[in-house]
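These protein sequence lines map, in sequence, to chains A and B. So the first sequence is numbered by the working numbering: it starts at 293 and just counts up by one. So the second sequence is numbered by the working numbering: it starts at 7 and just counts up by one.
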Amino acid sequence: MSRIPEETLRVADRLAAAMAREMRDDRVAGAALPLALLAALLARALYAPDLVVLGSLGLPLAPSAWWPGSGFRLSLARAEALALRHADGRFALEDAFASVFRGRFAIWISPAQVDATGSANLSAIGDWRRPKVALVGSRGLPDDAGHIPMRYYLPRHEPRHLPAAVDFRSAPGRTPEDGRRGRRRGGPEVLVTPLGVFRFRPEGVVADSLFEGVTPEEVTRRTGFPVTGLPEAGRTPPPTAEETAWIRRLDPFGIRALELLPPREARLAAAAIAEAEGEGM
Amino acid sequence: MLASLTDVAARVREASKAGRLVAFGGSGLHRKPLRAAEAIAEAAVPDLRLLAPLGGPEVDLLVLAGLVRRVVFSYVGFEFLGVAPAFRRAREEGAIEVEEWSEFAILAGLRAGVLGLPFHPLPGPATGDLARTAPLAEVRSPYAPHEPVAVVPALAPAVAIVHVPFAREDGTAFVPGDPYADRLVGLAADELFVTCDELVGPGEVPGPALFLAAEVTGVVPAPGGSCFTASPPFADLDVRGAIDYLESVEARLARPSARAAPGRAGGGRGR
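What follows is the structure, given as structure tokens:
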């Protein structure tokens, strides 16, 4: 894994640990990207022993996935094949939504933009009809937003990812209409970035804790909206030895760091990881 | 019940002429019927209207070939490798029409398609800006008239194409892995074609069936038909192949004159 800088892995580790610690009360967890899946796997290992983790959205993992020597881990080339080896069954995509609509589903989402109200954008930068940058699409965000607490993580904490208002609301945040149209559950809950853990409150975005070495000034400088609670914010505990050991076991190839790398470097790293995975078999 | 990729392209051409949707199974970089998409590109079927619940390279290569008029989608991407480059460029240039639905809204529309209903309710009010980008509507519950219910119109593609690892000649299709939304995609369509890595005999049951013979219009034997996308147990995701595709498309998009040429997924590993 020579292509992934140690520092990048270290940031990925602290994101994964901070995300996993939020999942103590979760019932069913899914993921669209590797870092989010790692957080769910780590939570199941240490904080939520009854958590059902969907290794692929239709493949809930059996407890054996966490047993020593199971061979289960994050994978680029063999993600579905490894999940299948430990799957308790195979379910249609619709079934994952049954958990969403019953408020039992947990998922960490990494949008392109998150704003002060907790709205998130995964569709388009600029005007949706003629975007400056077209993104992958809102996918399940609009479905999730009305039913489950929304949890976001950003691999980079920069003003362009955290503007005062997102360009497109894939998932709406808190708005003045809240409550009037009978939203049953849901709404923005928490945001984890390389700078710290932030919570969405009716009064705005509040700093919960900041990672080692991060100053309140840095957060203010790198965020496109006001963040309150900075003076009182605690220190996010760094990954424990136990968390680190599980992270390395669940992701020996460093796949968790891909989302933190710039696109071109991420591709090089992904190709190198896939090659290393192939050799390791 | 055996069919060829030429048959599939011919049925897709009919769909296109009638202004109907063509839908693909799989998700992102998993079990994408890329060989079939290439055949459609090679047959140069114009004015395609694609339905991509969880789209990926199949949408991208048809957009690259300049054959797509409209895409109904909730996601088109390459998973951890990011955005689909030709689809992205076409959206940015306004070269294609798009309807962006949510993931479940598409499942609901397909469900209405399966059942022959005109529309399908969504659980909870429509949220966010999707109301502007998808044909959502609102009805009143006949049982609780004060309660507005968001609905989406039925999605009934003329043709659905799903890649599976195993199929029998009679049409029975087997997917030991994640079925994604494939059953809804397949059953909502007038005609369902499956491409398969391996044709199995009548005595074999290689895992649970995803489609019964009666549900399938035609089976196309296509070993390695998912190209660089994964099709367990036959194919891992070919990460290098996916990156090669992205780089070749990006190189082509950088040359302004050479846009509309038949897309090829390449990377078909012989097995």
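All C-beta atoms in this analysis are idealised placements derived from N, C-alpha and C, irrespective of residue type, glycine included.
Considering only C-alpha positions, which residue in the set the options is nearest to residue i?
i	options	result
B/Leu-67	B/Val-155, B/Leu-56, B/Phe-84, B/Glu-44	B/Glu-44
A/Ser-402	A/Pro-447, A/Asp-543, A/Val-506	A/Pro-447
B/Gly-122	B/Val-69, B/Val-145, B/Ala-160	B/Ala-160
A/Ala-388	A/Arg-319, A/Gln-405, A/Leu-330, A/Pro-508	A/Arg-319
A/Ala-375	A/Arg-443, A/Phe-364, A/Glu-509	A/Phe-364
A/Gly-432	B/Pro-214, B/Pro-129, B/Ala-248, B/Leu-8	B/Pro-129
B/Leu-73	B/Ala-49, B/Gly-61, B/Val-82, B/Pro-91	B/Ala-49
B/Arg-258	B/Leu-8, B/Gly-31, B/Leu-70	B/Leu-70
A/Ala-412	A/Arg-370, A/Pro-455, A/Arg-394, A/Glu-372	A/Pro-455
A/Ala-562	B/Asp-244, B/Glu-20, B/Leu-205, B/His-36	B/Asp-244
A/Ala-328	A/Val-484, A/Pro-544, A/Phe-503	A/Val-484
A/Pro-480	A/Leu-385, A/Ala-398, A/Leu-427	A/Ala-398
A/Arg-452	A/Ala-408, A/Val-428, A/Asp-435	A/Ala-408
B/Pro-52	B/Val-78, B/Ser-33, B/Glu-20, B/Ala-42	B/Glu-20
B/Ala-184	A/Ala-390, A/Arg-382, A/Val-519, A/Ala-337	Residue identity differs from the one stated: residue 184 of chain B is Asp in this sequence, not Ala. Closest option to B/Asp-184, Cα to Cα, is A/Arg-382.
A/Trp-538	A/Ala-323, A/Thr-520, A/Asp-317, A/Gly-361	A/Gly-361
B/Arg-55	B/Pro-208, B/Pro-163, B/Thr-235, B/Phe-172	B/Pro-163
B/Ser-10	B/Ser-80, B/Pro-59, B/Glu-175, B/Gly-207	B/Glu-175
A/Gly-564	A/Gly-465, A/Ala-369, A/Gly-418, A/Glu-298	For the sequence presented, residue 564 of chain A should be read as Ala rather than Gly. Ranking A/Gly-465, A/Ala-369, A/Gly-418, A/Glu-298 by Cα distance to A/Ala-564 puts A/Ala-369 first.
B/Ala-219	B/Val-165, B/Leu-113, B/Leu-193, B/Gly-100	B/Leu-193
B/Gly-247	B/Phe-84, B/Leu-60, B/Val-78, B/Arg-76	B/Phe-84
A/Arg-493	A/Gly-478, A/Asp-305, A/Pro-486	A/Gly-478
A/Ala-308	A/Ala-457, A/Tyr-445, A/Thr-515, A/Val-511	A/Tyr-445
B/Glu-64	B/Ala-260, B/Leu-116, B/Phe-234, B/Glu-256	B/Phe-234
What does residue i touch in chain A if you count any residue whose Cβ is under 8 Å from its own?
i	result
B/Ile-249	Arg-559, Ala-562, Ala-563
B/Asp-53	None at all; the shortest Cβ gap to chain A is about 21 Å.
B/Leu-113	Leu-385, Glu-386, Phe-389
Is it buried or exposed, residue i, if we count other Cβ atoms within 10 angstroms and call 16 or more buried?
i	result
A/Thr-300	buried
A/Arg-527	exposed
B/Tyr-149	exposed
B/Pro-131	buried
B/Arg-95	buried
B/Gly-25	exposed
B/Ser-6	The structure shown has nothing for residue 6 of chain B, since chain B only spans 7 to 277.
A/Pro-555	exposed
A/Pro-341	exposed
B/Glu-197	buried
B/Lys-38	buried
A/Ser-462	buried
A/Thr-532	exposed
A/Trp-250	Any property of residue 250 of chain A remains undetermined from this structure, which presents chain A solely from 293 to 573.
B/Arg-41	buried
A/Pro-283	What is shown of chain A runs 293 to 573, which leaves residue 283 of chain A out entirely.
Along chain A, which residues have their Cβ under 9 Å away from the Cβ of residue i?
i	result
B/His-36	Ser-348, Ala-371, Glu-372
B/Pro-239	Ala-373, Leu-376
Find the residues of chain B that neighbour residue i, judging by a C-beta separation of less than 7 Å, and give them in chain order.
i	result
A/Val-428	Tyr-81, Val-82, Gly-83, Val-89
A/Pro-464	Thr-133, Gly-134
A/Asp-435	Ser-108, Glu-109, Phe-110
A/Ala-566	Val-245, Arg-246
A/Pro-415	The residue asked about is misnamed: residue 415 of chain A is Ser in this sequence, not Pro. Correct list: Glu-106.
Report the neighbours of residue i on chain B: residues whose CB is nearer than 8 Å to its CB, in chain order.
i	result
A/Trp-420	Glu-106, Asp-135, Arg-138, Thr-139
A/Gly-395	In chain order: nothing, as chain B lies at least about 11 Å away.
A/Gly-432	Ser-80, Ser-108, Glu-109, Phe-110
A/Leu-550	Phe-86
A/Pro-423	Arg-97, Glu-98
Just to make sure I have the definition right: I need the residues of chain B whose C-beta is within less than 9 Å of the C-beta of residue i. Which are they?
i	result
A/Leu-334	Those do not exist, as A/Leu-334 stays about 18 Å from chain B at its closest Cβ, beyond 9 Å.
A/Arg-461	Thr-133, Gly-134, Asp-135, Leu-136
A/Leu-325	Glu-85, Phe-86
Using a C-beta to C-beta distance shorter than 7 Å, which residues of chain A count as neighbours of residue i?
i	result
B/Ala-236	Glu-372
B/Tyr-149	In chain order: nothing, as chain A lies at least about 16 Å away.
B/Arg-94	Ala-426
B/Pro-182	Leu-376
Residue ranges of each alpha helix (DSSP H) within the stretch 400–477 of chain A, 4 or longer: 433–437
In the stretch 183–228 of chain B, which residue ranges form an unbroken alpha helix (DSSP H) of at least 4 residues, counting only runs that do not cross its ends? 188–194
Would the stretch 343–353 of chain A count as touching the stretch 406–426 of chain A if we require 3 or more Cβ pairs under 8 Å? no
For the stretch 349–388 of chain A, which segments carrying the alpha helix (DSSP H) assignment without a break, of at least 4 residues, lie completely within its bounds, in sequence order? 371–377
Does the pairing of the stretch 488–503 of chain A with the stretch 524–544 of chain A give three or more beta-carbon distances under 8 Å? yes
Counting pairs of Cβ atoms below 8 Å between the stretch 543–560 of chain A and the stretch 323–339 of chain A, do you hit three or more? yes
Pick out the complete alpha helix (DSSP H) segments inside the stretch 39–97 of chain B, 4 residues or longer, and give them in chain order. 40–48, 63–70
Decide if the stretch 189–207 of chain B is in contact with the stretch 220–235 of chain B; the criterion is three or more beta carbon pairs, one per stretch, under 8 Å apart. yes
Three-pair Cβ contact test at 8 Å for the stretch 174–190 of chain B versus the stretch 131–145 of chain B: no
Which parts of the stretch 113–188 of chain B are runs of the beta strand (DSSP E), unbroken and 3 residues or longer, counting only runs that do not cross its ends? 125–127, 143–146, 154–159, 165–174
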